[in-house]
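**Q**
Residue numbers (our numbering), protein chains in the order written: chain D, 20 to 210; chain X, 7 to 513.
(1) At a CB-CB cut-off below 7 Å, which residues of chain X make contact with residue 57 of chain D?
(2) What is the rounded straight-line gap between the Cα of residue 345 of chain X and the Cα of residue 339 of chain X?
(3) For a contact meaning CB atoms closer than 9 Å, what does residue 155 of chain D contact in chain X?
(4) Does chain X have any CB closer than 8 Å to the CB of residue 63 of chain D?
(5) Quick one: Cα of residue 115 of chain D to Cα of residue 176 of chain X, how far?
(6) Are there 16 or more other CB atoms within 10 angstroms of the CB of residue 148 of chain X, so buried, or fewer, so exposed?
(7) Does residue 91 of chain D get closer than 8 Å to chain X when you measure Cβ to Cβ?
(8) Can you tell me whether DSSP reads residue 172 of chain D as helix, strand or coil?
(9) If you count every other CB in all the chains shown that lies within 10 Å of the CB of residue 127 of chain D, and 16 or more means buried, which is it?
(10) Among X:431, X:248 and X:196, which one has its Cα closest to the Cα of residue 184 of chain X?
(11) For residue 151 of chain X, I'd like the list of residues in its chain whose CB is within less than 7 Å of its CB, leaving aside the five on either flank, ordered along the chain.
(12) Using a C-beta cutoff of 8 Å, does residue 325 of chain X count as contacting chain D?
(13) Quick check on the DSSP output: the beta strand (DSSP E) that includes residue 104 of chain X runs from which residue to which?
(14) DSSP state of residue 483 of chain X, grouped into three classes?
(15) In chain D, which residues lie less than 8 Å from residue 56 of chain X when you measure between Cβ atoms?
(16) Which of helix, strand or coil does DSSP assign to residue 40 of chain X?
(17) Output, in sequence order along the chain, the residues in the region 62-82 of chain D whose CB is closer than 9 Å to any CB in chain X.
(18) Rounded C-beta distance between residue 142 of chain X and residue 179 of chain X? I'm assuming under 8 Å.
(19) Check for me: the beta strand (DSSP E) holding residue 121 of chain D runs from which residue to which?
(20) Could you compute how far the alpha carbon of residue 1 of chain X sits from the alpha carbon of residue 55 of chain D?
(21) Within a Cβ cutoff of 6 Å, which residues of the same chain sit near residue 388 of chain X, ignoring the five residues on either side of it in sequence?
(22) Take every Cβ of the region 79-96 of chain X, pair it with every Cβ of the region 125-132 of chain X, and state whether three or more of those distances are shorter than 8 Å.
(23) Is it the case that the Cβ atoms of residue 491 of chain X and residue 449 of chain X are separated by a distance below 8 Å?
(24) Below 8 Å between beta carbons: does that hold for residue 222 of chain X and residue 213 of chain X?
(25) Is the number of C-beta pairs between the region 54-67 of chain X and the region 32-44 of chain X that are closer than 8 Å three or more?
(26) Do the region 292-311 of chain X and the region 65-82 of chain X touch if we need at least three Cβ pairs shorter than 8 Å?
(27) Hey, how far is the Cα of residue 316 of chain X from the Cα of residue 309 of chain X?
(28) What residues in the region 75-108 of chain X bring their beta carbon closer than 7 Å to a beta carbon of chain D?
(29) Here's a check: name, in chain order, each residue in its chain whose Cβ is nearer than 7 Å to the Cβ of residue 69 of chain X, leaving out the five neighbours to either side.
(30) With a cut-off of 8 Å on the beta carbons, I'd call residue 258 of chain X and residue 264 of chain X a contact; round off their distance for me.
(31) Using a cut-off of 7 Å between C-beta atoms, extract the partners of residue 37 of chain D located in chain X.
(32) Is residue 193 of chain D buried or exposed, if buried means 16 or more other CB atoms sit within 10 Å of its CB?
(33) Name the chain D residues whose beta carbon is nearer than 7 Å to that of residue 63 of chain X?
(34) Going by beta-carbon coordinates alone, are residue 215 of chain X and residue 191 of chain X separated by less than 8 Å?
(35) Can you tell me whether residue 14 of chain X is buried or exposed? The criterion is at least 16 other CB atoms within 10 Å of its CB, across all chains shown.
(36) Among residues of its own chain, excluding the 5 on either side of residue 76 of chain D, which ones have a beta-carbon nearer than 6 Å to its beta-carbon?
And the structure:
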């Protein structure tokens with residue numbers, strides 16, 4: 020699991036760098052008012068349109084995809100990814116239908132606490148339980164279980180086998196029924 | 007080999023080609039937008055083509071089959087599993103910021119193409135058999151088009167072409183001159199048109215050529231290469247490559263370096279020009295395309311169960327459907343009709359010409375060479391003059407057949423045949439025998455009649471006769487001409503020569 024988040028940071032950045040390449044302001048969306056050159060237009064548009072976190076991921080992703088770095092970062096992350104995927108497969112092969120894990124490290128923290136660390140460090144910590152599932156390509160779901168001592172909801176994660184989405188959802192529904200979580204009746208409370 | 011007038015050392019050009027061929031398919035490689043040439047600006051652009059977020063690529067079966075058929079015709083090894091990659095760079099005509107291509111594992115590798123190049127030696131041109139290796143064939147997207155309006159300092163983008171399916175055919179550096187490269191392209195075009203995967207209209211952008219050019223002394227390591235991009239005519243290929251070779255030789259002889267740069271060819275000045283915005287070496291940051299599964303092809307032995315027919319591309323089935331390729335057609339023509347390579351190439355080289363020729367020859371069962379000469383010299387001359395294709399020829403194969411019969415029976419002379427053709431091209435729709443009858447153009451083969459014309463000509467041309475008798479043998483032709491004039495061109499030429507000479511010698 021500790022390797023998974025590193026692996027995720029690399030692959031996430033690469034995919035962001037690639038997928039965000041379409042935001043050039045030419046066909047749709049925000050376009051800066053620069054008229055010096057097409058390149059200047061791209062640079063301004065994308066600087067204005069993306070925040071720091073996205074820009075950081077794009078720069079990192081492009082770095083990882085450079086020819087000289089491709090094997091060291093991208094391919095290596097893909098190799099680790101396969102190992103993570105196999106880890107899960109091995110567990111499920113032993114006869115396990117569904118895995119139960121926490122979803123987050125704690126209940127929701129305050130905004131002040133959240134921004135006390137930069138986004139990348141924050142994600143590295145908080146996404147511990149959820150991103151291995153993305154690496155392995157497995158279906159997973161969060162079910163609210165209980166109210167914490169601070170009065171905030173706490174959920175648990177159920178992870179199913181590859182392509183066994185229906186079974187996972189069936190089990191989740193049973194869980195939901197069992198814990199009888201006190202959902203707020205938003206509609207009526209407004210009225 | 008270039009033995010330049012500047013130096014005495016032998017330089018050799020080394021050229022490799024990257025050919026981009028637009029697949030003749032109704033929709034684009036990954037979307038259902040149309041591919042018609044000349045459609046109104048930005049009228050053939052789907053959401054996917056303009057890279058709107060949330061759209062996904064769906065592969066076009068026709069493009070895959072086109073690539074397989076081309077790979078088979080070019081003797082390639084077909085990869086039953088091939089993969090797609092993203093090639094990243096920023097340009098206004100590339101909406102997604104990347105091109106989907108096949109960098110790591112293309113659909114076909116290791117093929118070859120045999121072709122004939124005309125080499126000049128001592129003023130003669132002789133055909134030389136050559137072969138070029140094909141390194142790989144890959145499927146990829148075409149980009150859109152951009153027009154730069156320098157005056158108003160803006161760029162105009164047309165995305166109709168963005169996403170159209172291309173086949174990139176990469177050759178080994180197996181060419182040494184522009185002529186060889188051009189000969190190769192010509193044969194490749196013919197093949198692609200014959201198997202109907204490309205319409206070959208280079209002027210419309212259906213086929214574009216990039217040439218990688220370098221020079222070296224034979225036996226020495228290869229030189230630094232430059233890339234000349236977007237050549238869109240056969241003559242352009244020849245000229246651009248020859249110019250670039252000469253330029254590099256000249257620079258090297260001066261002691262200068264060749265830089266690995268990208269160039270375009272200026273058709274007006276006939277020179278290659280460095281492309282300003284491509285000076286830096288690009289890192290394309292290739293990444294596997296995550297939205298596409300590996301492309302799987304099947305054979306008769308590996309057909310999967312559970313998939314419907316329209317989800318399967320069967321290489322064996324496509325191989326069976328291959329038409330005869332130009333090389334096979336040429337050989338068949340040479341074997342069956344005894345024509346030369348060049349004559350066979352002429353017939354095979356233009357669409358519809360071979361069919362027309364065989365129509366005439368099969369029926370008449372006459373000397374094919376006679377038909378060939380009439381077709382190649384007379385008929386094509388008229389068609390080219392009026393810029394009509396053989397399909398639209400006013401003289402159909404049926405009428406030409408009748409003309410050939412008249413000629414081979416010696417009912418008419420070659421000169422008369424030409425006149426009949428002219429009359430038919432001008433709009434006379436009658437059959438040749440009727441035309442001949444009408445104009446009284448039947449050939450005169452009666453020796454007595456011809457003798458009459460000869461004596462007549464002799465009587466009326468004292469001066470020429472005395473010159474001839476005096477030793478000026480050349481004027482015989484003039485006298486022959488006079489005889490034909492009197493016979494209104496209907497006299498059989500061999501008989502005229504024979505009889506006139508006899509009469510003159512008797513005097």
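Glycine included, every Cβ here is placed at the ideal spot set by N, Cα and C.
Nothing here was measured: the structure is a model prediction, and the numbers come from that model.
**A** In brief:
(1) Here residue 57 of chain D refers to the residue found at position 38 when the first chain is read from its first residue. 98 and 161, listed in chain order.
(2) Within the second chain, numbered from 1, the residue matching residue 345 of chain X stands at position 339. Within the second chain, numbered from 1, the residue matching residue 339 of chain X stands at position 333. Approximately 7 Å between the Cα atoms of the pair.
(3) Position 136 of the first chain, counted from the start, is the residue given in the question as residue 155 of chain D. Per Cβ cutoff of 9 Å: no residues; residue 155 of chain D is ~15 Å from chain X at best.
(4) Residue mapping note: residue 63 of chain D aligns to position 44 of the first chain, counting from 1. Chain X contact via Cβ: absent.
(5) Taking the first residue of the first chain as 1, we reach residue 115 of chain D at position 96. Taking the first residue of the second chain as 1, we reach residue 176 of chain X at position 170. Going by the C-alpha atoms only, they are around 51 Å apart.
(6) The residue given as residue 148 of chain X occupies position 142 in the second chain. Buried, because 16 or more other Cβ atoms sit within 10 Å of the Cβ of residue 148 of chain X.
(7) Translated into positions along the first chain, residue 91 of chain D becomes position 72. Taking Cβ atoms only, chain X never reaches closer than 8 Å to residue 91 of chain D, which makes this a no.
(8) As a position in the first chain, residue 172 of chain D is number 153, starting the count at 1. Strand at residue 172 of chain D.
(9) Position 108 of the first chain, counting from 1, holds the residue named residue 127 of chain D. Residue 127 of chain D comes out exposed.
(10) Position 178 of the second chain, counting from 1, holds the residue named residue 184 of chain X. Looking at the Cα atoms, X:248 is the closest of the given residues.
(11) Within the second chain, residue 151 of chain X is the residue found at index 145, counting from 1. Closer than 7 Å at Cβ, skipping near neighbours: 99, 164 and 167.
(12) Sequence index remark: in the second chain, residue 325 of chain X carries index 319 (1-based). It does not; no Cβ of chain D falls within 8 Å.
(13) As a position in the second chain, residue 104 of chain X is number 98, starting the count at 1. Looking at the DSSP string, the run of the beta strand (DSSP E) that includes residue 104 of chain X is 104-107.
(14) Against the second chain, residue 483 of chain X aligns to sequence position 477. Residue 483 of chain X falls in the helix class under three-state DSSP.
(15) Here residue 56 of chain X refers to the residue found at position 50 of the second chain. Simply 46 and 47.
(16) Indexing the second chain from 1 puts residue 40 of chain X at position 34. Here residue 40 of chain X sits in strand by DSSP.
(17) 80 and 81
(18) Stepping through the second chain from its first residue, residue 142 of chain X is reached at position 136. Stepping through the second chain from its first residue, residue 179 of chain X is reached at position 173. Between residue 179 of chain X and residue 142 of chain X the Cβ distance is about 14 Å, and since that is not below 8 Å, they are no contact.
(19) One-based indexing of the first chain puts residue 121 of chain D at position 102. Here the beta strand (DSSP E) through residue 121 of chain D covers 117-121.
(20) Residue 1 of chain X falls outside the range modelled here, since chain X spans only 7 to 513, and no answer is possible.
(21) Along the second chain, one-based indexing puts residue 388 of chain X at 382. Only 431 meet the Cβ criterion.
(22) no
(23) Reading the second chain from its first residue, position 485 is the one you call residue 491 of chain X. Reading the second chain from its first residue, position 443 is the one you call residue 449 of chain X. No, the pair does not count as a contact, with Cβ atoms beyond the cut-off.
(24) Residue 222 of chain X sits at position 216 when you count from the first residue of the second chain. Residue 213 of chain X sits at position 207 when you count from the first residue of the second chain. Cβ distance not < 8 Å, so residue 222 of chain X and residue 213 of chain X don't count as in contact.
(25) yes
(26) yes
(27) For the purposes of this step, residue 316 of chain X is taken as residue 310 along the second chain, with counting starting at 1. For the purposes of this step, residue 309 of chain X is taken as residue 303 along the second chain, with counting starting at 1. Distance between the alpha carbons of residue 316 of chain X and residue 309 of chain X: 12 Å.
(28) 92, 94, 96, 98, 101, 102, 103 and 104
(29) As a working note, residue 69 of chain X is residue 63 in the second chain. Once the five neighbours on either side are set aside, the close Cβ partners of residue 69 of chain X are 29, 31, 35, 145 and 171.
(30) To locate residue 258 of chain X, count along the second chain from 1; it is residue 252. To locate residue 264 of chain X, count along the second chain from 1; it is residue 258. With a Cβ gap of about 7 Å, residue 258 of chain X and residue 264 of chain X count as contacting.
(31) On the first chain, residue 37 of chain D is found 18 positions in, with the first residue counted as 1. Those are 92, 94, 104 and 293, listed as they occur along chain X.
(32) Taking the first chain and counting its residues from 1, one reaches residue 193 of chain D at position 174. By the neighbour-count rule (16 or more Cβ atoms within 10 Å), residue 193 of chain D is not buried but exposed.
(33) Taking the second chain and counting its residues from 1, one reaches residue 63 of chain X at position 57. Result: empty, since nearest Cβ-Cβ is about 13 Å, beyond 7 Å.
(34) Locating residue 215 of chain X in the second chain gives position 209, counting from the first residue. Locating residue 191 of chain X in the second chain gives position 185, counting from the first residue. Contact flag set, yes.
(35) On the second chain, residue 14 of chain X is found 8 positions in, with the first residue counted as 1. Residue placement at residue 14 of chain X is flagged as unreliable, the pLDDT there being 47, under the threshold of 50; a coordinate-derived value is accordingly withheld.
(36) As a first step, residue 76 of chain D is located in the first chain; it is residue number 57 there, counting from the start. Cβ neighbours of residue 76 of chain D beyond the five flanking positions: 32 and 35.
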